[in-house]
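One structure is given below, encoded as structure tokens.
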Amino acid sequence: MDLGIRGKKAIVCASSKGLGKGCAMALAEAGVDLVVNGRNAELLARTAAEIREKFGVKVIEVAGDVSKPEVQKALLAACPDPDILVNNNGGPPLRDFRELDRAKILEGVTQNMVTPIELIQAVIDGMAKRGFGRIVNITSLSVYVPIPGLDLSSGARAGLTSFLAGVARTVIDRNVTINSLLPGKLDTDRLRGPHEAGTQEDPAAAAARKARISADVPAKRLGTPEEFGQICAFLCSVHAGYLTGQNIPVDGGLYVSAF
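Position one of the sequence shown corresponds to residue 21 (the numbering used here), numbered consecutively onward.
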């Protein structure tokens, strides 16, 4: 399917690896020029080079933590009038809520609620004026199915979801949509657990780990960043202009609900 977005420009946050990279790759495949971002400048450069070589689109790298104002400023300087914004950021680590102090709580809320709101504030009016905009927020299935120990992540992302539900309805008449993707168990470093960067996992151990983690998933497997990215790219397409304010689980059927 031609997504109708060739030549558009996108900012994809936290896109040097994992789900963010999956989204960046899928958008590049559709012909979108990119501004990519990640905290590890070396890894980000490798990802940018891979995308350029594979898809021939323009790719600008902005290294740094997207929750920092100076990094946001650099992203917007690199692409002041984006057609597409994909919000993504790492979540707070697994931690008993009793261990959270005020500073940790505020940091988590800043990363997973305040930061995407700030970026949306910066780009939404320009999108509306130009008559095209696609905003996709990568949140988490824990918005619907809270996970003990990830309470801060769940709370901040749920806050973002509720905040944007009203905002989304104010710009749809100008062909600007805001939707969220809620990843379940996808095959990323986050599910692999602590390991040295760049280390290879033993194939047998990897297969056993994936089987164990996905045992309760109806699909009986982990999702991939590539298929997650293709869903994101469709939400950014010209074909998704009548879909807004929605939260779409990408979870292999893990979240059980008829509605």
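Glycine is no exception: its CB is placed at the ideal position from the N, C-alpha and C atoms.
> Ends of the beta strand (DSSP E) at L114?
Replying inline: That residue, L114, is in no beta strand (DSSP E); it is neither H nor E in DSSP.
> Beta-carbon separation of A94 and V77 under 7 Å?
Replying inline: no
>> Based on DSSP bridge pairs, tell me the residues matched to S363.
In response: Here the chain covers residues 21 to 279 and nothing more, so residue 363 does not appear.
> At a cut of 8 Å, does the segment 50 to 62 reach the segment 115 to 127 through at least three beta carbon pairs?
Replying inline: no
> How many angstroms separate the CA atom of A224 from the CA atom of R232?
Replying inline: Answer to the nearest angstrom: the Cα atoms are 12 Å apart.
> Taking DSSP as the reference, what is the three-state secondary structure of N195?
Replying inline: coil
> Is DSSP giving D209 helix, strand or coil here?
Replying inline: helix
> R118: buried (16+ other C-beta within 10 angstroms of its C-beta) or exposed?
Replying inline: exposed
> Among A228, G273, G265 and A253, which one has its Cα closest to the Cα of G243?
Replying inline: G273
> Rounded to a whole number of angstroms, what is the C-alpha to C-alpha distance between E49 and G24?
Replying inline: 12 Å
> Taking three-plus beta-carbon pairs below 8 Å as touching, is the segment 149 to 160 in contact with the segment 197 to 204?
Replying inline: yes
>> So for I104, helix, strand or coil by DSSP?
In response: Reduced to three states, the DSSP call for I104 is strand.
>> Rounded to the nearest angstrom, what separates P238 and E90 at their Cα positions?
In response: Cα to Cα, P238 sits roughly 43 Å from E90.
> Rounded to the nearest angstrom, how far is the Cβ of R194 from that of A227, given a contact under 8 Å?
Replying inline: That pair is no contact at about 48 Å.
> Leaving out the 5 sequence neighbours to the left and right, which residues in its chain are closer than 7 Å to I167 when beta-carbon positions are compared?
Replying inline: S174
> Whose CA, out of G186, S162 and C256, lies closest to the CA of N107?
Replying inline: C256
>> Please return the same chain residues whose Cβ sits closer than 7 Å to the Cβ of N132, not counting the five positions on each side in sequence.
In response: N109, G111, S173, A176, R177 and L180
>> Within a Cβ cutoff of 7 Å, which residues of the same chain sit near A65, ignoring the five residues on either side of it in sequence?
In response: E81, listed in sequence order.
>> Quick check on DSSP: helix, strand or coil for K240?
In response: coil
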